[in-house]
Structure formats: structure tokens, C-alpha cells
Amino acid sequence: MPGASGARPVRDMNGARRAAQRFADGWGRGLRVGEVMQFSNGFYAVLLDPSGEGATEVLVDPASGAVQLEHGPAMMWNTSYGMMPDRQQQAAPAVSAERAQVVADRWLKQNRAGLKAADPVAFPGYYTFHTLRGDQVVGMMSVNAYNGAVWYHTWHGTFLRMQEPRHS
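Under the numbering used here, the sequence shown has 303 at position 90, and the numbering climbs by one with no breaks.
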């Protein structure tokens with residue numbers, strides 16, 4: 214699993230995108246940065262595989278510029294890029310994207326009243342959702358594609374802004 218120590222602080226979305234791309238380049242698999250989000254506790258980025266599908270998620274520390282796999286699902290559930298790749302059975306996921314949406318919305322209704330899940334982004338072994346209050350992003354959560362377990366992303370802090378992927 215590659216890592217990237219920061220060369221300098223990251224102060225904006227473009228700096229976070231560059232840092233995440235350096236990390237992605239370390240995989241040597243043609244990954245590229247998709248969306249980048251800024252939260253009060255740091256930056257988050259989606260890494261996409263060459264076909265444009267979700268590969269994994271990373272965090273960029275604004276103070277140091279260091280990049281790491283995101284805590285939780287990206288480390289523990291990701292069957293291709295996580296800490297223990299391919300540990301899941303190679304069978305198709307038991308939980309579809311549609312079912313994961315239902316699971317996410319039910320969990321939010323019970324645990325974060327007033328929030329709903331946006332459309333899922335599929336990663337190997339799990340789905341990640343933006344959580345919304347009305348049409349405003351307020352956080353994130355993931356649903357395991359094999360067993361339907363939920364992991365709410367408590368580490369981000371307050372959502373500040375988002376930059377969609379650049380298309381070349």
C-alpha cells in the first residue's frame with residue numbers, strides 16, 4: 214500500500230487534488246483523482262480506476278500535505294485497495310447499490326434524523342454516500358456490499374466545499 218508524506222501544507226482544493234494524484238500515481242495502476250471535498254478536519258478525495266469507476270478514497274492532511282487511505286471502509290472493506298485486498302470471497306456482492314441506498318436511508322432515519330443519502334458511489338466491496346440535509350451535503354457514510362453493515366464517517370468535521378472531477 215503506497216503512502217505519500219507531505220512536502221508542504223495543502224491550503225486549497227487544487228493543492229489537495231495534486232497531493233491525492235501523487236498518492237494515486239504511487240499505485241502504478243493508472244488511478245486518477247475524481248471529486249475532492251474539503252471538510253473542517255481536512256480534505257477527502259475519490260480515486261478512480263482507468264475506466265472511471267471508484268477505486269478507493271483518501272484523506273489529505275492540510276497541515277502536512279500527507280495523504281493516506283481514508284479511515285474505515287477504504288481501509289477495512291475495500292477488496293482491491295484496502296489493507297487486506299481480496300480477503301472477501303470473489304462472489305458478486307450480496308448488497309446491490311439499490312439495496313445499499315435503502316439500508317443507508319433507514320440507518321440515517323434511525324440515527325441522524327433529517328438526513329438522507331445521495332446516490333451511491335461504488336467501490337470494491339462497499340458503497341459510499343454523501344449525506345444530505347435537504348440538498349446540502351453535510352457528511353458521508355458507507356454500506357458494505359457483502360453484509361450491509363453501515364459505517365458513518367465521523368472524522369471529517371463540517372463540510373465546506375466540493376470540486377467535481379476534471380475531465381481530460
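Where is the CB? At the ideal position from N, CA and C, for every residue including glycine.
Any idea what DSSP makes of residue i, helix, strand or coil?
i: R374; result: strand
i: M214; result: Since pLDDT at M214 reaches only 49, below the 50 mark, its modelled position is unreliable, and the value read off the structure follows with that caveat. Residue state, collapsed to three classes: coil.
i: G247; result: strand
i: R346; result: strand
i: L398; result: What the structure shows of the chain is the stretch from 214 to 381, and residue 398 is not part of that stretch, so it cannot be assessed.
i: Y305; result: Reading off the sequence, residue 305 comes out as Ala, not Tyr. A305: coil per DSSP, three-state reduction.
i: G285; result: coil
i: S264; result: coil
i: A330; result: strand
i: G220; result: First, the amino acid is wrong: residue 220 is Ala here, not Gly. If DSSP states are grouped into helix, strand and coil, A220 belongs with coil.
i: G228; result: helix
i: R235; result: helix
i: R242; result: coil
Quick one: measure Cβ to Cβ for residue i and residue j, integer angstroms, because I've assumed they're closer than 8 Å.
i: V273; j: E283; result: Rounded, the Cβ-Cβ distance is 10 Å, inconsistent with contact.
i: A331; j: L321; result: At roughly 11 Å, the Cβ-Cβ gap does not stay under 8 Å, so A331 and L321 are not in contact.
i: M354; j: H366; result: 6 Å
i: L328; j: V351; result: 7 Å
i: G267; j: A335; result: 6 Å
i: V223; j: A237; result: The pair is not a contact, with the Cβ atoms about 15 Å apart (cut-off 8 Å).
i: Y339; j: P378; result: Between P378 and Y339 the Cβ distance is about 20 Å, and since that is not below 8 Å, they are no contact.
Examine chain C for any beta-carbon lying closer than 8 Å to the beta-carbon of residue i, and answer yes or no.
i: R346; result: In summary, chain C is missing from the structure at hand, where a single protein chain is found.
May I ask you to list the residues that DSSP assigns as paired with residue i?
i: T292; result: In DSSP, T292 forms no bridge with anything.
i: W364; result: S355
i: G181; result: The structure shown does not extend to residue 181, since the chain is modelled only from 214 through 381, so no value can be given for it.
i: F336; result: Y339
For the beta strand (DSSP E) that residue i lies in, which residues bound it at each end?
i: L282; result: V280 to L282
Over the uninterrupted alpha helix (DSSP H) stretch that includes residue i, give me the two end residues.
i: R312; result: A310 to N324
Using 8 Å as the Cβ pair cut-off and three pairs as the minimum, do the segment 237 to 248 and the segment 261 to 269 touch?
yes
Do the segment 301 to 317 and the segment 355 to 365 touch if we need at least three Cβ pairs shorter than 8 Å?
yes
Pair every Cβ in the segment 309 to 319 with every Cβ in the segment 250 to 261, then say whether three or more of these pairs are closer than 8 Å.
no
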